[in-house]
Amino acid sequence: MGSLQAELPYGRRIVPTRIDEIAEQNPGKVFASIPKSFDLEEGYVDVTYGAFSRAINRTAAFLEDRFGKGISFETLAYLGPFDIRYFILACAVCKVGYKLLLPSTRNSLEGQLNIFKFTDCKALLTSEGYNVSTELVSETGLSPIYVPSLANLLAEGNVAHYPFAKSYDEVKDDPFLVLHTSGSTGLPKPIVLKHAWTSAMDAFNLLDPVDGYEPMWWKLKNRKALVALLPFHSAGIIVGLLAPLFYDLVMVWSPSNRPLSAGLIDEVLDASGADMIYSAPSILEDMVQSPASLQRLERLVSVAYGGGRSFTTKGISPRAKDILAPLDRQVGDLLSKKTVVINTTGSTELGPLPFYDKAPEHWEYFHVHPDHEGIEFRLIGDGAYEQVFVRHPSTDKFHSAWRTFPGLQEYSMNDLYIPHPTKPNLWLYAGRADDVIVLSNGEKLNPSNMEVTLRKHPSVIGALVVGQAKFVPAAIVELIDEVARSLKTPEEKARFLEDEVWPYAIKANQSAPAHAQLSLDMIILSEEKKPFPRAGKGTMQRGATAKLYAEEIDEIYKRNEEGGSATDLPMIHVNQSLVTLEAEIGTLVESVAKLGDLKSDQDFFATGMDSLHVMTMVRLLKISLVGVPQSIINTRLVYSNPTLRKLATALKGVESSNESTDDTKTTSREQQMQEILNNFIAKLPQRMEMKERNNSLVTEEKLVVLLTGSTGSLGLYLLHTLLQLHKVSKVYCVNRSAGAEVRQAKANAEKDLSSKWDHRVEFLHTELSDPRLGLDEAVYLRLRDEVSVIIHNQWPVDFNLSLSSFTPHIAGVANLISLSSRSRLPRSPPILFTSSIGTLGNWNSTNPHNPRVPEIALKDPRVPLHQGYSESKWVAENLLSAARQKAGVSSAILRIGQIAGPVEIGLKGVWNKREWFPSLIASSKYLGVLPGELPGQEEVQWIPVDKIAEIVGELVLTDCVAGDCEEAWTKYYHLCNPHKGRWGDLVDIVKKQLAKSPKEVKILRFEEWVKMLEKSAEEKDVDLDRNPGLKLLEFYRGMRDGGAGVKMHTEETVARSEEMRRLKGVDSEWMRLWLEQWNF
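The number in my numbering is simply the position in the sequence shown, starting from 1, with 1 added.
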C-alpha cells in the first residue's frame, strides 16, 4: 500500500504497547465515547487515549498492590457492568503478569464453576453495586474484590506509568485473555487467547485490494461506531478494543443499566453522533420496522453485523442466537439500498477472518481472496462446501488457528457455504455442518452426543439422528458389514434393534433433553447396499446421508403418524383381567418413561412423565392394544387417566365399543373433585388452643412473609414489592428447585427489580407435598415460630394434566395450612392464595340469571373449567375455606384474571411471549391479519403484573397485620381490572404498530383469523418462532367456539385496595408499551 505501511510493524503490534504508544504521541486522541450518566439526555463524553492509558496504569498499580506481580500468568476473573472497565482490566491484568478471565454473566452456576476450576482462578474482581452470585462466592471460596469506579479510574491527575516493555516475539504465545465456549453441548470450556490472536487483526493492514475491493475490516477505519455487542464476547473485544487500536475506530458505548434494544439504539444514535453501528442482526431487523429508526440507519455511513456464523465457538448458546442468525434477506436488501451493509465473520478461536468488500447487491456474501490458499472450501455434497483452514504462508498470519491449536495442520469451523452462481470467490453462509435440529414444537436438539453414544456399540459404525420440523427425533443406525449381512429377516432386524441397539439408545436419552428422546419404534437399521456417505477423513456427511435415506425417513414418520411400528411389540388384550391389563400397560409405560416400579394408583406425571412420553405412549398403545378402537386411544385418554388403575379401567370400559372415554367414568368429575376435597379436609389439623401460643414471639409492627414460587413471573414482582414494604422484616422464599436464589437474582436484575438480598431475604429449597415441606426439623420449627403471613404462589401451569395429577400440589396447600395452624404466634399466619379465574369458567352456564360472579366462596364443583388446573384450584380454594372453621387458619383467595406486562415497575420485564395474547399478536404480524374482535375478551380487564404485585402487597398490610386473634376469616378478592378497556378501541394501535412490518396488516373477524392460522400450519416450512400461535391453535378454536366471557364483581377488592381504585383501564399507552417490550 505504500512506504508507510512497509515501515510500520503491522501484524506485530500488541495491545498494551500500542495503547502506551498512542497515549504518548497523541494523548488527546479519542479512544471511546461513553454516556455521561444513565440518562442519555445528558449526552456523551470522550475517553482519550491519555485517559485510557492513565486508567490502565491506575488499575495495574491497584492490582500489583493487591496481588503482587504475576509469576506464571495466573488467572483473575472479572464480572461487572458492561462498561469500558472490561478493556481497562484486560490491559492492566496483562501488564501486571496475570491473565484475565471474562466469563459470560449468563452462565449457569455449574458453568461458572467449571470455568473457574479449569483456569485455576485465583481471584474474583467485580464492581461496587454489581450483584455477584452468593453461591459462586461460596463454591469458589473467592471473596469479591472491588475494582475502583470508572470515574475514579478516568479521573485527571498524575499517575505513574506502568511499563510493559516486552516485544511481539517475547509475548506472541503468552496469554492475553481467557474466554470460553458457549457450553450448549456441555459445560463451557476456557479458550486462552494469546497476544498473537490480537495481532492477527492488525495484519489485515498488510492485505492488498482485490479487483478494486478493500478488505472488509478496513471499512471500520476512522469511524465512530455504536458497538452493540457484549464486552466479554470475542466480537465485542475485536470491534471495541482491537479496531480502535489498529483502525482508529472510536467505540460508542450504550448505558450499562439498560438491555440492548432497537429503542435504546435510537436514543444512543441521537445522543452520541455515531456514524456507524455494529450490532446483532436482530437489532437491525427490529429497527427497520420503524420508519424513524430506518431513517437513522439511512443517515449512517455504514451498518455492520456479524453475518452468518458470526463470532462464536463451535457450540451455539441460546444467548448467542441473535448474533449467530444471518440478517433477514429482505432487511438486508432494504438496508443495502440506503447505506453500506458490512457483514463480518470469525470465531473466538480464530479471531476475525480476512474477507473482502463486494458490490452492494452481494451484501450477504463473503468475498475471499483468490490467492489465499490456506482457506479452502471442500465440497461435501448437495452443492454445499465446508470451510477448512489449512496451514499456508499466504494466510497463517491473518488468523489465529495455529496459536489456539498449535498441534493441528488443518481446522474446520464446521461451517457450510454455497458459492455464488456466477461470481467467483463469493460465498454465502449456509449453516452449520453439525446443524442443530429444530423440532416442530420449536425445541432444539444437538444430535452429536446421541450419535456418539449409539456408535459405541461394537457393531455400529454410523448413526444419524434426524427430526428437522418433526415432533420427535428418529435415528438410522449403520452396522458393520458382517453383522448387517447376518440379519436377513425383518424379525431378526427388529430383535437386534430391541436387544442390541435399544440399550444404547436408552443411554443416549439419559443425556438428551426431555423433548428429544428417541423411542424404539423411531430407530431403523441402514440398508447394506446404501452405506453412509463419508468425507475424505472418514466422517459421515450428514446432509448427504439424510438425502440418501429420505424415503426411509419419510416412512418412519408416516408410520409414526398412522400408529404402525417397525418392532414386534407384544399385543395387549383388553378383555383380560384388570390386574393383568394393569401389569402389561405398566411394562409399556416403563419402556417409555423409565418411571421405576409404578404402583397401580401412582400418578404418571407426579413421577416424571412428560408430554413427549405421552405422545410415545399413545403411539405404542395404538400398536399394542387389541379390542379398543384406535380413535379412543389419544393423549386425552392418558391425561384424563394418569394411573395404571385408571387407564386400565378406562380401557376396559370402552372394550370393543366406540364410546368416548368421558362417558365410561365410574364417577363424574364433580364427584371426583368433591371426594378429593373431602379427603384433604378430613386430614386438616384441629384448631390450636390460644394457651398453646406464645405472645412474646410477635411484634405488631413487623411481618415475616413466607412466599412460595418467588421465581415465577408474578413471584419476581411479589418479592420486589414485599421488599419495598417497611413493615416486612423478612421474606422466606421457598421454591421447588435448588439454585433458586441465583436464578431469582439474575431474573430480577434483568427486569430491573430488587436483586440484592440482605438479611431480609432467605431462600429455602422445599417440597411442599412433604408434611414438613422437605425441610430439616430445625428450619421447619423456625418457620413455625417466625412466619406471620404466607403467600402461596406456586402452582404448575399445565392445562393438559388431570385433577389427580395436581394432588401433590393440593397436598402442599394442606401442609401450609398445617404450618399455619401450628404457629406459636398469637394468630395463625393468614394464607394468601393466588387462584385463577379458571375456577369461575363455567359460571355463566351454571348461573344463567346471575351475570357477575360475586366475591364469595364457590361450593358448586360444576363452576370451574373442565381442566385439571382449574379444578385443582377450586379444590384448594375450598380446602382453605374449610381450614377457617376446622384449623382456625385465615385465608384470602385471590382470583387473578389475565396478568399483563409491567407498565411502571420492572419495565425490562416482558409479558411472556408464549402466552395466548402475545402469540396472537406475533402470528397476526406473520399472517398479515389481525382479529377485529376477541371472543370472551371484548371487555379487556387485564392488570399489569407490577400492579397485581402492588395490590397483593396492599392486601398483606390491610388483612395480615396482627389484630383480633380469636376469629379466623376467609376473604375472596377478584383481581381483574375494574376499569374496563375494549379490544375494539385497541385494534387500531396494534394494527398501526404491526403496519411497520413489510407485510400489510388487515382486520378480519376472529373466525376468519383462526382459519388463516389453521391454513398456515400446512406450510412446508413451519416457522414457530414467527408464527407461535400454531402452538395454541386449540386454545384459539376454543375462543372461537366459546360463549361470552365471565364477568366478575370487584367491589370488595376495590374497597380494600387503593391501587385497585387507582387503576386505569387498558388503553393505547399500555398496549403500545407492551408491543415495544415484545419488539413488535
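Cβ atoms here follow ideal geometry from the backbone N, Cα and C, with glycine treated the same way. Being a predicted model, the structure only gives us computed values, none of them experimental.
- Endpoints, beta strand (DSSP E) assigned at E501: Looking at the DSSP string, E501 is not in any beta strand (DSSP E), and its letter there is neither H nor E.
- Report buried or exposed for P945, applying the criterion of at least 16 other Cβ atoms within 10 angstroms of its Cβ. buried
- Message: Here's a check: name, in chain order, each residue in its chain whose Cβ is nearer than 7 angstroms to the Cβ of D799, leaving out the five neighbours to either side.
- Response: Y870
- What separation, rounded to the nearest whole angstrom, lies between the Cα atoms of V988 and T617? 42 angstroms
- Whose C-beta lies closer than 6 angstroms to the C-beta of R392 among residues of the same chain, with five residues either side of it excluded? Q410
- Query: Just reading off the alpha helix (DSSP H) that C734 is part of, what are its end residues?
  - Reply: C734 -> not in any alpha helix (DSSP H); beta strand (DSSP E) instead, spanning V729 to N736.
- Item | For E377: DSSP bridge partner residues | V389
- Reference S348; option with closest CA among L41, E585, E299 and Y412: Y412
- Drop a sphere of 10 angstroms on the beta-carbon of W970, count the other beta-carbons inside from all chains shown, and report buried for 16 or more, exposed for fewer. exposed
- Query: Which residue from L335, K530, V743 and Y386 puts its Cα closest to that of E365?
  - Reply: L335
- Would you mind sorting I317 into buried or exposed? The rule is 16 or more other CB atoms within 10 Å of its CB. Any reading at I317 must be qualified, since the residue scores a pLDDT of 31, below 50, and its modelled position is unreliable; the value itself is stated next. Classification of I317: buried, given that the 10 Å Cβ count is 16 or more.
- Item | Cutoff 7 angstroms; reference E129; Cβ partners in own chain excluding five residues on either side | Y147 and S150
- Query: Using the C-alpha atoms, what's the distance from L1074 back to I990?
  - Reply: 11 angstroms
- Buried or exposed (CB count within 10 angstroms, at least 16 for buried), Y201: This sequence places Ala at residue 201; Tyr is not what is there. Classification of A201: buried, given that the 10 Å Cβ count is 16 or more.
- Message: Using CA atoms only, rank isn't needed, just tell me which of T396, E387 and V369 is closest to G375.
- Response: T396
- Same chain, Cβ closer than 6 angstroms to S134, neighbours up to 5 away in sequence not counted: V743
- Message: Using the Cβ count rule (16 or more neighbours within 10 Å means buried), how would you classify T722?
- Response: buried
- Message: Whole angstroms are fine: how far does the CA of Y558 sit from the CA of R620?
- Response: 12 angstroms
- Message: Quick check on this structure: which residue in Q868, L126 and L895 has the alpha carbon closest to the alpha carbon of R670?
- Response: Q868
- Closest by CA to F68, which one among W943, E751, L126 and A547? L126
- Item | Under 8 angstroms between C-beta atoms of W218 and P353 | yes
- Item | DSSP-derived helix/strand/coil call for Y147 | strand
- Look at the alpha carbon of W1071 and the alpha carbon of V904, and state the distance between them as a whole number of angstroms. 7 angstroms
- Item | Top-ranked residue by Cα proximity to E751, from P459, T49 and S257 | S257
- When DSSP labels each residue in this structure, what does L765 get in the three-state scheme? strand
- K37, DSSP secondary structure in three states: coil
- Message: Just verifying my parser: in three-state terms, what is the DSSP assignment at R1062?
- Response: helix
- Message: Considering only their Cβ atoms, is the gap separating L881 from S892 smaller than 8 angstroms?
- Response: yes
- Task: Determine the closest residue to V251 out of A812, D986, K30 and S756, with distance taken between C-alpha atoms.
- Result: K30
- Can you tell me whether DSSP reads I15 as helix, strand or coil? coil
- How big is the Cα-Cα spacing for A901 and S806? 28 angstroms
- Three-state class that DSSP yields for W218 in the structure shown: helix
- Is the beta carbon of L820 sitting closer than 8 angstroms to the one on V957? no
- Query: Bridge partners of L1031, per DSSP?
  - Reply: In the DSSP output, where bridge partners are listed per residue, L1031 has none listed.
- Message: Does the region 827–841 come into contact with the region 780–794, if we say contact requires no fewer than three beta-carbon pairs (one atom in each stretch) closer than 8 angstroms?
- Response: yes
- Message: Would you call the region 732–746 in contact with the region 968–985, where contact means no fewer than 3 C-beta pairs closer than 8 angstroms?
- Response: no
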